[in-house]
Amino acid sequence: QFHTSCQFAQQGMDLEAAIDAVASADVPDASRREALSTVCKLLRNIIASPSQEKFRQVRRSNPAIQQRLFPECFALLQAAGFEDSGDLLVYRRDVGPDLHEASETL
């Protein structure tokens, strides 16, 4: 079980619940693996280049994002610290242990 003293809550879902939702989503295993790989890459890009604004934004309407991620993945990104801003999910927090822990948990 994943626990942390920091709160990973966006819209009432913590990180563990968001991961469980992705794991139990009604999608093929290959799609789930690709989605989790994409979410990991999005998080690790922020960790590797925290000052790059392009890595701090995920446009829901981006065709590659639409192809790779399903709705539970967006909830997972929000649980990891992204904020809903219309078509964009934006990571506005400082990069710290919470983001590292989220990326390592996946």
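Numbering (the working numbering), first residue to last: 133 to 238.
We treat Cβ as the ideally placed atom computed from N, Cα and C, and that holds for glycine.
Rounded to whole angstroms, how far is the Cβ of residue i from the Cβ of residue j, which I believe are closer than 8 angstroms?
i      : j      : result
Ala153 : Ala207 : 6 angstroms
Glu166 : Arg200 : 5 angstroms
How is residue i classed by DSSP in three states: helix, strand or coil?
i      : result
Ser192 : Note on identity: in this sequence residue 192 is Arg, with Ser being the wrong assignment. Of the three classes helix, strand and coil, the one that applies to Arg192 here is coil, per DSSP.
Leu231 : helix
Leu238 : coil
Ala150 : helix
Determine whether the beta carbon atoms of residue i and residue j lie at a separation below 8 angstroms.
i      : j      : result
Leu175 : Ala149 : no
Phe187 : Ile178 : yes
Val222 : Pro182 : no
Val171 : Leu220 : no
Phe168 : Val190 : A small fix is needed here, since residue 168 is Leu in this sequence, not Phe. Contact: no.
Would you tell me roughly how many angstroms separate the C-alpha atoms of residue i and residue j, rounded to the nearest one?
i      : j      : result
Ala234 : Leu147 : 7 angstroms
Pro229 : Lys173 : 17 angstroms
Gly218 : Arg192 : 9 angstroms
His232 : Arg225 : 13 angstroms
Asp161 : Phe214 : 25 angstroms
Ser163 : Glu204 : 12 angstroms
Val159 : Ile151 : 14 angstroms
*Which runs of the alpha helix (DSSP H), 4 residues or longer, sit entirely within the segment 160-225?*
161-180, 195-200, 203-211
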